[in-house]
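Participant: Sequence order for the protein chains is A and B. When we follow our numbering, the leftmost residue of the first sequence carries the number 1, and every step to the right adds one. When we follow our numbering, the leftmost residue of the second sequence carries the number 1001, and every step to the right adds one.
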Amino acid sequence: MEPLIRVDNIRYTYPAGTGKPALTDVSLSIGAGEYVAIVGANGSGKSTLARHLNALLVPDQGDVWVNGWNTRDRAHIRDIRRTVGMVFQVPDNQIVATIVEDDVAFGPENLGIPEDELPARVREALAAVGLEEHGHRASHLLSAGQKQRLAIAAALAMRPLCLVLDEATAMLDPAGKADLLRIVRRLHRSGTTIVAVTHSMSEALEADRVIVLAEGRIVMDGTPAQVFADAESLERYGLDVPPAARLAHLLAAHWPDFPRHLLDAEALADAVCRHLSLGAHVRTTHPLAATDTGGQPVLPPDASGQAPYIALEDVHYTYLAGTPLETRALRGVSMDIRPGETIAIIGPTGSGKSTLLQHLNGLLRPHAGRARVLGVDLTDPRADVRALRRRVGLVFQQPEAQLFERYAGDDVAFGPLAFGSSLEQARERVRRAMEAVGLPFETYKDRLTLTLSGGERRRLALAGVLALEPQVLVLDEPTAGLDPRGRNDLLALLRRWRDADRAIVFSSHNMDDVALLADRVYIIAEGRIAHAAPVREAFSAPESLVGFGLGLPTAMTFAQALARRGCPIPTDLLTLEELAHAIVRLADERIRV
Amino acid sequence: MSASEFDLLRTVTLGQYLPTGSALHRADPRVKIASGILLVVAVTATSSLAGLTLAFALVIAGFAVARIPIAYALSGIKPMLPFLALLGIFQAIAIPQNDANTTVYWRWAFITLTARDAVAVALLFAKFSVLVWGISLLSFTTSTTALTHGTEHLLRPLQRIGLPAHEFALMVNIALRFVPLLAQETERLMKAQASRGADFGAGRRLNFVQRFRKLLPLLIPLILATLQRAEDLILAMEARCYTGGKGRTHLVRFRAQASDYAILALVLIVLAATVAAGFTSADATVWRIVSTVWR
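1) Considering just the uninterrupted stretch of the alpha helix (DSSP H) at G1088 of chain B, what are its terminal residues?
2) Could you tell me the distance, in whole angstroms, from the CA atom of P242 of chain A to the CA atom of T13 of chain A?
3) Thinking C-beta only, is R520 of chain A closer than 8 Å to I310 of chain A?
4) In chain B, which residues lie with their C-beta within 8 Å of the C-beta of E232 of chain A?
5) Tell me the start and end of each unbroken beta strand (DSSP E) in the region 53-112 of chain A that is at least 3 residues and wholly inside, in chain order.
6) Using DSSP with H/G/I as helix, E/B as strand and the rest coil, what is I569 of chain A?
7) Going straight from the alpha carbon of D103 of chain A to that of G31 of chain A, what length do you get?
8) Within the same chain, show all residues whose beta-carbon is closer than 6 Å to that of T1144 of chain B, passing over the 5 residues directly before and after it, in chain order.
9) Measure the CB-CB distance between L150 of chain A and L180 of chain A and report whether it falls below 8 Å.
10) Taking only three categories from DSSP, how would you classify V1012 of chain B?
11) Are G369 of chain A and V465 of chain A touching if we call contact CB-CB under 8 Å?
12) Shortest alpha-carbon distance to K177 of chain A belongs to which of A:I194, A:P568 and A:S202?
13) Can you find the residues in the same chain that come closer than 8 Å, C-beta to C-beta, to A22 of chain A, ignoring five residues on each side of it along the sequence?
14) Does the region 66-76 of chain A come within contact of the region 110-119 of chain A, defined as at least 3 CB pairs closer than 8 Å?
15) Strictly below 7 Å CB to CB, what residues from chain B border T98 of chain A?
16) Please confirm if T1141 of chain B has its CB atom under 8 Å from at least one CB of chain A.
17) Buried or exposed, going by whether 16 or more other CB atoms sit within 10 Å of the CB of V1252 of chain B?
18) Distance cutoff 8 Å, beta carbons only. Does P114 of chain A sit that close to anything in chain B?
19) Which residues in chain A have a C-beta closer than 7 Å to the C-beta of T1249 of chain B? List them in chain order.
20) Using the beta-carbon of each residue, which ones in chain B are nearer than 9 Å to F548 of chain A?
21) Flag V122 of chain A as yes if its beta-carbon sits less than 8 Å from any beta-carbon of chain B, otherwise no.
22) Between the alpha carbons of L517 of chain A and E537 of chain A, how many angstroms are there, rounded?
23) Can you tell me the Cβ-Cβ gap for P478 of chain A and F506 of chain A, rounded? I've got them flagged as a contact below 8 Å.
24) Quick check: is the beta carbon of L378 of chain A nearer than 8 Å to any beta carbon in chain B?
25) Does the CB of L1189 of chain B have a neighbour CB from chain A at under 8 Å?
26) If we require 3 or more residues per run, which beta strand (DSSP E) segments fall completely within the region 370-432 of chain A?
27) Considering just the uninterrupted stretch of the alpha helix (DSSP H) at E203 of chain A, what are its terminal residues?
28) Would a check of beta-carbon distances place D1232 of chain B closer than 8 Å to chain A?
29) Does the beta-carbon of S1035 of chain B have 16 or more other beta-carbons within 10 angstroms, so that it is buried, or is it exposed?
30) Taking the straight line between their C-alpha atoms, what separation do you get for S190 of chain A and G33 of chain A?
31) May I ask you to report which of helix, strand or coil DSSP gives L288 of chain A?
32) What is the C-beta distance between H316 of chain A and P366 of chain A, in whole angstroms, given that I count them as a contact (C-beta under 8 Å)?
33) Check the Cβ-Cβ distances between R389 of chain A and every residue of chain B, and say whether any is below 8 Å.
34) Would A41 of chain A and G238 of chain A be called neighbours here (beta carbons separated by less than 8 Å)?
35) Apart from the five residues just before and just after R246 of chain A, which ones in its own chain have a Cβ nearer than 8 Å to its Cβ?
36) Would you check if the region 75-84 of chain A and the region 128-147 of chain A touch, i.e. whether three or more CB-CB distances between them fall below 8 Å?
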C-alpha cells in the first residue's frame, strides 16, 4: 500500500542562509494511522522537514508525495494542505481572527466549503479540542494552552488525514502540555496520522515510532524502545533518553543484568521490585561511591542568621487600577531571600510569577506593602532603582530575543557601558561574563549574534546580565524552549555561578529544574504565596503541587510508583542519581539482613 | 495609585468596546457602520448649530439605548480638549470673520475677535464633539470583528470593480489582532533593556543621532520579532490553504432585520434634517432664543 506521506531522498538549503544544507538525503515514509515523533537538537532540521510535509517548503532535490500528490505540483496544493494540517510553536502567531469561531472557520472558508456547512464544521472542530464553550470569545483572551488547542481545532476544521505538530507544546505549562497530549492521543485513536516534532523525550515516548535528526540527516529511525536503548548516540546528537531510561542506565551501572530499555515509570518500578525481591543474590559488583547528587546547595540552606537580601512583606500590585480592565496580580506576597540561597518560584501560568520577579529589581514597585531589596526601600519614591538594577540582574523569558548588537561581545558590553564602566573595565567584565557562561571571550566576541545556536544565544544573553556583576540573579523560565543539551549547560552554569555572597531567584514550569537547582520553593497561586518550604519538603507533599497543576520532579514520580508497590523507598529524593543511590542501598541492606 | 513608568502602553483605550448586550449591540454592523459614515458626512456638511443639536440628540439617544452611562461616554472628549482649544484659537485668529455689521469684542494689533468668530468657534467645537461621540458610540457597540466583517460586506459590491475588499478587511483584522501584542512586546523589551541599564527617560538633551542610538536596543529586537511574527503568520495562513479572497466562503452572514431598517431610516431622517437646517432660518431662531435667555 502506498504510504500517506513519502519523502524521497530530499535535499534543501535555505535561500538566505549560510549555504549549509538544512536537509541532506532525507527519505522516509509515514503510513496512514501512524504516530511518529521527529526529534533532534535545535538546528537539526526537524522543523524544516515538517514544513516539507505539507508543501510549505518544496525540496531542492528529491520529491515529497502526499496521498499520491507531488508537493511540487501547484495544482494540488490545496489538496495537500487540507490533507496535512499543521500546528506551530508560538500560540499567538498562528491565530488569524479576533474571535475563536472565525479563526476555526478560516481554513474551511479558504477551501470554499458551502456556507451552510461551515457552522457544523466549526462546532465539530471546537468540540474535538474541548473549546465548544469558547466559540464567541476573543482569541487573544485565551490562555496559551487554549490557544494551542484552538490551533489544532483550526487544522481539524479542514478534516485532515494527518496532523503535524511543530513543537506545539514547547511554550505551555505542565497542565497545558498534558491537555494537548491527551487531545492528540485521542485524535490518533480515532484514526488521524500524527507527526510530532519535539525535543522532549518524554513526549517522543507517546509515539509508535521515533525518527532522530542530526545536522539535516536522519540518523535513527525505530520504535521508542530501539531508539532510546542507544543513550550514547542520543547524547552525541544533543539529545537525551527519557528519564526512566536514564534511571535504568544508572541502575545497570551497579547491576549489570538490569534491563536498560525501560521507558516508563510503571515498567521501571516493576523491574526494580523484581530485582529487589528475586535479585537478592546479585551483589553489587563494586561498593557504592558517594554519588555526586549535583543538586546540593553550596551552603546549607539554613542561612537565617544573615540579613536577607530581599524582604517582601504583604506586597500588592494591580495592573490598570481603576479601569474596567483592572487585574490584581499580587495580593499580599511575603518572602525572604538570604545570601547564598537559590529560590524557585513556581505556580501555574497567570499566577503572578512574572509580576513578582519584576519587583525584585524595581521595574515595578509595590502598590501596598513593603519591599526591601539589598537595603533599598522600593516603596520610597526617591529610591535609586537604576543603581539597584545593576546589583539585581533580571533575565527575562527567552532573553535571546532581546539581543540587538551585531557582534556577540558588543551585546554583552551594553550593560557595563550603560552603567558607566570604562572601556577597559567593560572589556574585563565582558571577558569574565562570557567565560562564566562557557562562551570563551577570544573565540566568541567577534561572532555574529545571529549565527549562534539557540542555546548559545540564550547563554550570551545571560552573559549580558552577568557582566553587570550582580549580587542577585533573577531568571524567568531560564530553560524554557531549550533542547536537552542546552538545558543541561544552562543549569550547570547557574550552579557554578552561585556562591555564599550571591543569591538566585528563578521561576520554572520544569520541576526537574527546581529539584536540581533550588534550596527553597515558593508556590504562588492567584497572587498569593500558597506554600513556602525547603525543596525536599515542598515536593514530599505532592498533593498540593498537583492541585496547582504543577507536577512533580521525575525522580519523585518514580519513587511514588515504587512506594505504591510496597517498596520502602524515601519519597523526598530530588534527582535520578539520588534515587538510584537509594535503590541500590536498599538492595544492599536486604542482602545484609 | 502610581502607574509604573512602563505601563503607558496598556492605557490606550481608543476604540474601546463595551459589551452591555443592548439592542444596539445586536444590530447589524453594516447598518451601524453606514450610520457612522452618514453621521460624518452630515456633520461635516452642515453649518447649522440647530442641525448639530439634532445630530447630538441622535447620538445621546444612541448612548441611552446602548445602556452606556452618558457621563462616561461624554468624558471621551477630554483627551481631545487641548487639541480642540488649539484648533479654536487657530480658527479665531487665522480665519477672520469680519464684516461691518458684527459686534467686535476685542481688538489687538491685527487680531480682532468678533461675534462671528465666536459662532465659528462654537460650530467647530460642536462639530468635532458630535463626531467624536458618534464614532465612540459605534466602537462602544460594535466589536472589532463585527466592524471588519461589516466593512467587508459593505465593500463587497465594489469587489466587482477590482477593489480588494476582502484583503482590506483581513488586513485590518490582523492589524487589530497584532497591535496589542506589539504593545506588550515593546513593554517587555523596555523592561528587559532597562534591567541592563538602558535609560529611556528624558535626562540630558540629546541630538537626533544620540536619541536614535538610544532606541536601537528596542528597535532592533522589536523589528526582528515583528518580522518573525509576520513570517509565522504567513506560514500558518498558507498551511490553512489561504490563497487570497477568491472562492472563499464566509462563516458570518448578515441578514438585516426590520429593526435594522428602522434604525437606518431614523438615522437618515435625522441627518437629512441636520443638513437641511443649514438652509433654513433655524439657526437665527436658536440664536434669538439664546440671546433672550442670556439677557
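We put the beta carbon where it would ideally sit given N, CA and C, even for glycine.
Facilitator: From the atom records:
1) Taking the first residue of the second sequence as position 1, residue 1088 of chain B is located at position 88. L1081 to A1094 is the extent of the alpha helix (DSSP H) around G1088 of chain B.
2) Along the first sequence, read from residue 1 onward, the residue named residue 242 of chain A stands at position 242. Along the first sequence, read from residue 1 onward, the residue named residue 13 of chain A stands at position 13. P242 of chain A and T13 of chain A: Cα-Cα distance of roughly 31 Å.
3) By 1-based counting over the first sequence, the position of residue 310 of chain A is 310. By 1-based counting over the first sequence, the position of residue 520 of chain A is 520. Their beta carbons are not under 8 Å apart, which means I310 of chain A does not touch R520 of chain A by this criterion.
4) Taking the first sequence and counting its residues from 1, the one referred to as residue 232 of chain A is at position 232. Near E232 of chain A there are no residues of chain B at all, since even the closest Cβ is about 36 Å away, more than 8 Å.
5) 61-66 and 84-87
6) Taking the first residue of the first sequence as 1, we reach residue 569 of chain A at position 569. In the structure shown, I569 of chain A sits in coil (DSSP, three-state: anything other than H, G, I, E or B).
7) Here residue 103 of chain A is taken as the residue at index 103 of the first sequence, counted from 1. Here residue 31 of chain A is taken as the residue at index 31 of the first sequence, counted from 1. Cα to Cα, D103 of chain A sits roughly 30 Å from G31 of chain A.
8) Here residue 1144 of chain B corresponds to residue number 144 of the second sequence, with the count starting at 1. So the qualifying residues of the chain are L1176.
9) In the first sequence, counting from the first residue as 1, residue 150 of chain A sits at position 150. In the first sequence, counting from the first residue as 1, residue 180 of chain A sits at position 180. Taking 8 Å as the Cβ cut-off, L150 of chain A and L180 of chain A do not qualify as a contacting pair.
10) Residue mapping note: residue 1012 of chain B aligns to position 12 of the second sequence, counting from 1. Here the model assigns V1012 of chain B a pLDDT of 40, short of 50, so the residue's position is not dependable, and the following value carries that caveat. Three-state result, V1012 of chain B: coil.
11) Along the first sequence, read from residue 1 onward, the residue named residue 369 of chain A stands at position 369. Along the first sequence, read from residue 1 onward, the residue named residue 465 of chain A stands at position 465. Not in contact: G369 of chain A and V465 of chain A (Cβ atoms no closer than 8 Å).
12) Locating residue 177 of chain A in the first sequence gives position 177, counting from the first residue. Checked all of A:I194, A:P568 and A:S202; the closest Cα to K177 of chain A is A:S202.
13) Position 22 of the first sequence, counting from 1, holds the residue named residue 22 of chain A. Same-chain partners within the cutoff: Y12, T13, Y14, G45, T48 and G216.
14) no
15) Here residue 98 of chain A refers to the residue found at position 98 when the first sequence is read from its first residue. Within chain B, the residues near T98 of chain A are T1144, T1145, N1173, L1176 and R1177.
16) Start at 1 with the first residue of the second sequence, and residue 1141 of chain B comes out as number 141. It does not; no Cβ of chain A falls within 8 Å.
17) Mapped onto the second sequence, residue 1252 of chain B falls at position 252. It counts as buried.
18) Here the question's residue 114 of chain A lines up with position 114 in the first sequence. Yes, because at least one Cβ of chain B sits closer than 8 Å to the Cβ of P114 of chain A.
19) Within the second sequence, residue 1249 of chain B is the residue found at index 249, counting from 1. In chain order: E109, G112, I113, P114, E115 and L118.
20) Within the first sequence, residue 548 of chain A is the residue found at index 548, counting from 1. The contacting residues do not exist; F548 of chain A stays about 25 Å from chain B at best.
21) The residue you call residue 122 of chain A lines up with position 122 of the first sequence. So yes, V122 of chain A belongs to the interface.
22) As a first step, residue 517 of chain A is located in the first sequence; it is residue number 517 there, counting from the start. As a first step, residue 537 of chain A is located in the first sequence; it is residue number 537 there, counting from the start. Near 15 Å, if we compare the C-alpha coordinates of E537 of chain A and L517 of chain A.
23) Start at 1 with the first residue of the first sequence, and residue 478 of chain A comes out as number 478. Start at 1 with the first residue of the first sequence, and residue 506 of chain A comes out as number 506. With 8 Å as the limit, P478 of chain A and F506 of chain A qualify as a contact, their Cβ atoms being about 6 Å apart.
24) Residue 378 of chain A sits at position 378 when you count from the first residue of the first sequence. L378 of chain A does not count as touching chain B.
25) For the purposes of this step, residue 1189 of chain B is taken as the residue at position 189 of the second sequence. At least one chain A Cβ lies under 8 Å of L1189 of chain B.
26) 392-395
27) Start at 1 with the first residue of the first sequence, and residue 203 of chain A comes out as number 203. Element bounds for E203 of chain A: M201 to A204.
28) The residue you call residue 1232 of chain B lines up with position 232 of the second sequence. Closer than 8 Å to some Cβ of chain A, the Cβ of D1232 of chain B qualifies, so yes.
29) Within the second sequence, numbered from 1, the residue matching residue 1035 of chain B stands at position 35. Buried is the call here.
30) Translated into positions along the first sequence, residue 190 of chain A becomes position 190. Translated into positions along the first sequence, residue 33 of chain A becomes position 33. Rounded to the nearest angstrom, the two C-alpha atoms are 9 Å apart.
31) Residue numbering aside, residue 288 of chain A sits at position 288 when the first sequence is read from its first letter. Since pLDDT at L288 of chain A reaches only 40, below the 50 mark, its modelled position is unreliable, and the value read off the structure follows with that caveat. Looking at L288 of chain A - three-state DSSP - the assignment turns out to be coil, as it is neither helix nor strand.
32) Reading the first sequence from its first residue, position 316 is the one you call residue 316 of chain A. Reading the first sequence from its first residue, position 366 is the one you call residue 366 of chain A. Rounded, the Cβ-Cβ distance is 6 Å, consistent with contact.
33) Position 389 of the first sequence, counting from 1, holds the residue named residue 389 of chain A. Yes, R389 of chain A lies at the interface with chain B (some Cβ there is under 8 Å from its Cβ).
34) Counting from 1 along the first sequence, the entry for residue 41 of chain A is found at position 41. Counting from 1 along the first sequence, the entry for residue 238 of chain A is found at position 238. For A41 of chain A and G238 of chain A, yes; Cβs fall inside 8 Å.
35) If you number the first sequence from 1, residue 246 of chain A lands on position 246. Contacts found: A231, D240 and L576.
36) no
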